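Enquirer:
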Amino acid sequence: MPLALSAALRLARRVPIAAAPLTTASSRTHYRERGRSRQQEQQQEQQQEQQRTCGCGRGAVALGLTVATLSQLPQQRDEPDGPAAAAALTAVEPDDHVLDLVDQLSAWERIDEAKKALRTFKGSRHPEVLWREGRIRYLQAERLKTSGQQKALHDRLVAEGYAAVQLALQLDPSCGRAHQWMSILRHAYAEVRGPLHRLRCVDHIREDMERAVQLLPHDGAPRTMLGMWFYEVSQLNWFERQAVKAGGQTVPAPSEGLRQALHWLLEADALYNSCLNDLMLGKTLLAMSDPERARTYVERAARRAPREQSDVKAQLEATQLLQTWSD
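Under numbering that gives the first Met the number 0, the letters of the sequence shown match residues 0 to 326, in that order.
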């Protein structure tokens, strides 16, 4: 994949994780209605009793949570043997409070704490657990990549994350969040496998994002990602565009790419508040020769209160962009 497309997915990896609800109420209801039985209800009652005993409620989602508090989570289960036991773990509904906790910690890149919280569901084959496992492995791999250490471990974590999200989609193709994270991990896995794989996955990455948009109609995050994809593709030079086309992938014309980017970013803006989405709106409008409107969005990105780590990074870039306008 050309360098500009790599930049697109680097930006996409920063898309807000928890600014919008990561698991919609409708998707959770879907699992409850599909897999509920008296045995499962009893298991849920036991889990709820454990949570009342250990004090793990919604208040634990507060970002002041410490490792000591995490130690109060229900004890992790050993992975069972046999297909029947594995099927049972797929059907058991994971506790929403713990999933919310994992999402909040992941949003602020508190990876070790998020990993520890997710161990509550060790051995689970529930899609809502699996895609979160994929996300945590991806974040772990990115931390190694940033520090420039242990490439073999980095590559293994990416492969494990990709496999976890892939299994989530096999078990439930309608899991929108799994499609969103598949687009991210598909790119990361293609980078591990080499240049030919990067060239061949461009359309698949876009399709993953488009599917996430369809399945998450009230969520701005996948729309931000899709808008960023179109923006970065619009910035490819002639040689890069030819390389992508040679790989059999679709490359919209620059003007069409910018038009699509603006469309999806404006849709996201109507759904949630995001410094990253504001920044990308500003950059897209600037590329469309509309500096006045562009500056409005960049200024908004710079002054918005950050809600997660991706907002902090976007604010820094927005501030730097405003400084170049002032010079």
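We put the beta carbon where it would ideally sit given N, CA and C, even for glycine. Source: prediction; values computed, not measured.
Which word fits residue 331, buried or exposed, when buried means at least 16 other C-beta atoms lie within 10 angstroms of its C-beta?
Expert: Residue 331 is absent from the structure shown; the chain starts at 0 and stops at 326.
Enquirer: Would you mind giving the Cβ-Cβ distance between residue 280 and residue 268, rounded to the nearest angstrom? I have them listed as a contact below 8 Å.
Expert: Yes, residue 280 and residue 268 are in contact; Cβ-Cβ is about 7 Å, under 8 Å.
Enquirer: When you compare each of 124, 158, 119, 225 to residue 138 by their alpha carbons, which one comes out closest?
Expert: Comparing Cα-Cα distances from residue 138 to each of 124, 158, 119, 225, the minimum goes to 158.
Enquirer: Under the three-state reduction of DSSP, which class applies to residue 274: helix, strand or coil?
Expert: DSSP places residue 274 in helix when its eight states are reduced to three.
Enquirer: DSSP state of residue 325, grouped into three classes?
Expert: It is helical.
Enquirer: Hey, residue 278 and residue 304: beta-carbon distance below 8 Å or not?
Expert: Contact: no.
Enquirer: Leaving out the 5 sequence neighbours to the left and right, which residues in its chain are closer than 8 Å to residue 199 when beta-carbon positions are compared?
Expert: Answer for residue 199: 189, 246, 247, 248, listed in chain order.
Enquirer: Where does residue 53 sit, in a helix, a strand or coil, going by DSSP?
Expert: Residue placement at residue 53 is flagged as unreliable, the pLDDT there being 36, under the threshold of 50; the coordinate-derived value follows with that caveat. Three-state DSSP puts residue 53 in a helix.
Enquirer: Roughly how far, in whole angstroms, is the beta-carbon of residue 223 from the beta-carbon of residue 273, given that I think they are within contact range, below 8 Å?
Expert: Indeed, because the Cβ distance is near 6 Å, the residues count as touching under 8 Å.
Enquirer: For residue 276, which residues of its own chain have a beta-carbon under 7 Å away from its beta-carbon, when the five flanking residues on both sides are left out?
Expert: Closer than 7 Å at the Cβ level, and outside the excluded window around residue 276, lie 219, 223, 264, 267, 268.
Enquirer: Mind listing, in chain order, the continuous alpha helix (DSSP H) runs of no fewer than 4 residues lying wholly within the stretch 102 to 164?
Expert: The stretch 102 to 164 contains these whole alpha helix (DSSP H) runs: 110 to 117, 126 to 146.
Enquirer: Between which two residues does the alpha helix (DSSP H) carrying residue 210 extend?
Expert: Where residue 210 is concerned, the enclosing alpha helix (DSSP H) stretches over 201 to 214.
Enquirer: With C-beta atoms as the reference, is residue 214 less than 8 Å away from residue 178?
Expert: Taking 8 Å as the Cβ cut-off, residue 214 and residue 178 qualify as a contacting pair.
Enquirer: Would residue 322 be called buried (16 or more neighbouring beta carbons within 10 Å of its own) or exposed?
Expert: Counting Cβ neighbours within 10 Å, residue 322 comes out exposed, since fewer than 16 surround it.
Enquirer: Three-state secondary structure (DSSP) at residue 217?
Expert: Correct three-state label for residue 217: coil.
Enquirer: Leaving out five residues on either side along the sequence, give the residues of the same chain with a beta carbon under 6 Å from the beta carbon of residue 140.
Expert: The answer, listed in chain order, is 153, 156, 157.
Enquirer: Which same chain residues end up closer than 7 Å to residue 212 when comparing Cβ atoms and leaving out the 5 residues on each side of it in sequence?
Expert: Excluding residues within five positions, the ones whose Cβ falls inside 7 Å are 221, 222, 225.
Enquirer: How about residue 256 and residue 230: do their beta carbons lie closer than 8 Å?
Expert: The answer is yes: Cβ separation under 8 Å.
Enquirer: Measuring alpha carbon to alpha carbon, tell me which residue in 99, 298, 180, 115 is nearest residue 162.
Expert: Considering only alpha carbons, the answer is 180.
Enquirer: If we ignore side chains and look at the alpha-carbon of each, how far apart do residue 302 and residue 320 end up?
Expert: Distance between the alpha carbons of residue 302 and residue 320: 13 Å.
Enquirer: Between the alpha carbons of residue 166 and residue 182, how many angstroms are there, rounded?
Expert: Distance between the alpha carbons of residue 166 and residue 182 is about 14 Å.
Enquirer: What do you reckon, are the CB atoms on residue 185 and residue 207 nearer than 8 Å?
Expert: The answer is yes: Cβ separation under 8 Å.
Enquirer: Using the three-state DSSP reduction, which class does residue 95 fall into: helix, strand or coil?
Expert: Three-state result, residue 95: helix.
Enquirer: For residue 250, does the three-state DSSP call read helix, strand or coil?
Expert: Note: residue 250 maps to coil in three-state DSSP.
Enquirer: Skipping 5 residues on each side, what residues in its chain have a beta carbon closer than 6 Å to that of residue 294?
Expert: No residues qualify anywhere along the chain.
Enquirer: Look up residue 193 in the DSSP assignment and say whether it is helix, strand or coil.
Expert: Three-state result, residue 193: coil.
Enquirer: Which of the three DSSP states, helix, strand or coil, is assigned to residue 239?
Expert: Here residue 239 sits in helix by DSSP.
Enquirer: For the alpha helix (DSSP H) containing residue 293, list its first residue and its last residue.
Expert: Where residue 293 is concerned, the enclosing alpha helix (DSSP H) stretches over 290 to 302.
Enquirer: Return the residue from the list 227, 187, 306 that minimises the CA-CA distance to residue 261.
Expert: Out of 227, 187, 306, 227 has the C-alpha closest to the C-alpha of residue 261.
Enquirer: So, at 6 Å on beta carbons, what are the nonlocal neighbours of residue 114 in its own chain, with the 5 sequence-adjacent residues on each side left out?
Expert: Excluding positions up to five away in sequence, the list reads 135.
Enquirer: Identify whether residue 307 lies in helix, strand or coil by the three-state DSSP scheme.
Expert: Here residue 307 sits in coil by DSSP.
Enquirer: CB-CB under 6 Å to residue 253, same chain, minus the five flanking residues each way: which ones, in chain order?
Expert: Excluding positions up to five away in sequence, the list reads 233.
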